[in-house]
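Please read the structure below before turning to the comments.
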Amino acid sequence: MRRSEESMSDILIKLGGGLITDKSQLRTVEPNRIESVARVIAVLLDEGHSVRVVHGAGSFGHLKAKEWSLSGGADPLRLDDQLVAVNDVRMDMRKLNSIVRDVFESQNINVSAHP
1 MRRSEESMSD ILIKLGGGLI TDKSQLRTVE PNRIESVARV IAVLLDEGHS
51 VRVVHGAGSF GHLKAKEWSL SGGADPLRLD DQLVAVNDVR MDMRKLNSIV
101 RDVFESQNIN VSAHP
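Counting in my numbering, the sequence shown runs without a single skipped number right up to 115 at its last residue.
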């Protein structure tokens with residue numbers, strides 16, 4: 001049963017990286033978990049809610065960031081390697097975002113990305 005437009009909610013959902021990836025293995029996604037969340041979001045959209053989704057990095061970001069100490073800032077002794085690592089993490093995050101978008105689109109959810 002649909003509620004009146006005045007009572008619809010704006011919902012923000014964060015898909016944590018630990019939920020949608022296997023953080024113990026580099027660039028390993030958990031597609032079944034993303035599909036489960038997408039099905040719930042499809043129901044919310046069908047009910048008239050406005051839904052925004054963001055996601056974490058999981059194994060597409062944290063493992064390389066840790067390896068290259070990116071959270072500690074620039075290390076003059078490793079700066080060239082850190083810059084390469086930052087670029088790698090960005091590319092990996094775009095890949096993860098593409099996977100999440102593809103799963104959502106398979107559930108007939110219109111998506112747009114804002115990296």
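Virtual Cβ for every residue (Gly too), placed ideally from N, Cα, C. Please read all numbers here as calculations on a predicted model, not as lab measurements.
Pairwise C-beta distances place the stretch 14-21 in contact with the stretch 51-62, as three or more of them are shorter than 8 Å. With fewer than 16 other CB atoms across the displayed protein chains lying within 10 angstroms of its CB, glycine 73 is exposed.
Sorting Ser9, Ser24 and Val29 by C-alpha distance to the C-alpha of serine 98 places Val29 at the top. Per the DSSP secondary-structure output, serine 50 pairs in a beta bridge with Asp10. Taking histidine 114 as reference, the option from Ser106, Gln107 and Met93 with the minimal CA-CA separation is Met93. Boundaries cannot be given for valine 29, as no alpha helix (DSSP H) includes it and DSSP labels it neither H nor E.
When the alpha-carbon of leucine 70 is set against those of Gly48, Val86 and Pro76, the nearest one is in Val86.
Going by beta carbons, leucine 26 and lysine 66 fall outside the 9 Å limit. Taking C-beta separations shorter than 7 Å and ignoring five residues to either side along the sequence, the partners of arginine 33 in its chain run Leu19 and Ile20, following chain order.
Here histidine 49 has Met8, Ser9 and Ile11 as same chain residues with Cβ atoms under 6 Å from its own Cβ, once five neighbours each way along the sequence are excluded. In the three-state scheme derived from DSSP, where H, G and I count as helix and E and B as strand, histidine 114 is classed as coil.
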